[in-house]
Amino acid sequence: MPAPHEGLPVSFGVRLPEWLRLQLDYLPRALGSAEERMDLVNALARRNVDEGTGGPFAALVVDGDSGRVLAAGVNLVLGTGLSSAHAEVVTLSLAQSALGTWNLGSAAPRVLLSVNAQPCAMCFGALLWSGVRELEFAALGPDVERLTGFDEGPVPAGWRDELAARGIELRTGVREPEAHEVLAHYGRLVAEGQLPLYNGR
């Protein structure tokens with residue numbers, strides 16, 4: 004009989020950085036407009052860069068009917084060493100954990116994901132399985148790549164049609180210039196050698 008493995012990992016987890024944990028108590032309880040949500044998301048993404056806790060991305064999960072914020076998160080790849088700790092995955096996971104369900108659509112009829120940039124290939128898959136009914140973002144994927152140097156992966160060419168086929172409403176371009184500035188800020192820091200570009204390949 005083979006000897007048992009010793010010391011293999013049995014769990015993992017992520018925790019929001021201290022600055023964001025402290026800020027959560029002061030976030031608005033409800034955000035009724037896409038512009039309000041994106042203003043907050045852009046601000047969190049910029050602070051995440053300036054604090055050195057992750058990439059220039061942040062997200063909210065919101066009850067689309069009431070505007071109630073269900074979860075807020077940021078990209079935590081640099082702080083955790085986890086390639087999967089993108090803002091969308093972190094925030095969706097926080098909301099699912101808090102609500103006790105893998106299907107956010109079972110918790111509220113109109114759960115939406117608000118993020119400052121188009122989801123990459125990984126996050127696109129994550130949102131499809133999450134139960135969200137709406138997606139809104141600012142910057143398009145090609146602009147993310149141009150401004151930061153990130154590789155957004157093989158996002159399907161028909162991603163808009165895929166969302167529509169699954170009943171997920173889409174809003175794009177919300178506060179896009181402000182999102183571009185956050186992304187460009189990160190790109191400048193990478194070019195200056197102050198921050199890494201954490202592409203897998």
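Take any residue in the sequence shown, count from 1 to its spot, add 3: that is its number in my numbering.
All residues carry an ideal CB built from backbone N, CA and C; glycine is no exception.
Who are the near neighbours of residue i in its chain, counting only those whose CB is closer than 7 Å to its CB and skipping five residues on each side?
i	result
residue 57	51, 77, 78, 79, 80, 81 and 82
residue 187	150
Secondary structure at residue i, three-state DSSP: helix, strand or coil?
i	result
residue 208	Absent from the structure is residue 208, since the part of the chain shown begins at 4 and ends at 204.
residue 158	coil
residue 1	Since the first and last residues shown for the chain are 4 and 204, residue 1 lies out of range.
residue 195	coil
residue 136	coil
residue 147	helix
residue 200	coil
residue 52	helix
residue 9	coil
residue 185	helix
residue 142	strand
residue 92	helix
Pull up the distance between the alpha-carbon of residue i and that of residue j, whole angstroms please.
i	j	result
residue 44	residue 173	17 Å
residue 130	residue 114	11 Å
residue 138	residue 104	19 Å
residue 37	residue 118	10 Å
residue 124	residue 154	10 Å
residue 150	residue 111	36 Å
residue 27	residue 63	12 Å
residue 166	residue 197	37 Å
residue 12	residue 96	20 Å
residue 146	residue 160	16 Å
residue 41	residue 90	14 Å
residue 39	residue 102	24 Å
residue 88	residue 66	23 Å
residue 18	residue 53	18 Å
residue 35	residue 116	13 Å
Since residue i and residue j are thought to touch, with beta carbons under 8 Å apart, how far apart are those beta carbons, to the nearest angstrom?
i	j	result
residue 203	residue 86	6 Å
residue 127	residue 158	6 Å
residue 193	residue 134	Wrong, their Cβ atoms sit about 34 Å apart, outside the cutoff.
residue 176	residue 136	Not really, about 20 Å apart at Cβ, beyond 8 Å.
residue 179	residue 142	6 Å
residue 75	residue 25	Not confirmed; about 12 Å, so no contact.
residue 144	residue 121	4 Å
residue 47	residue 61	4 Å
Please work out which residues of its chain come closer than 6 Å, Cβ to Cβ, to residue i, disregarding the five sequence neighbours upstream and downstream, and give them in chain order.
i	result
residue 49	185
residue 71	33
residue 68	113
residue 182	45, 119, 141 and 142
Can you find the residues in the same chain that come closer than 8 Å, C-beta to C-beta, to residue i, ignoring five residues on each side of it along the sequence?
i	result
residue 148	154 and 155
residue 163	173
residue 190	150, 151 and 152
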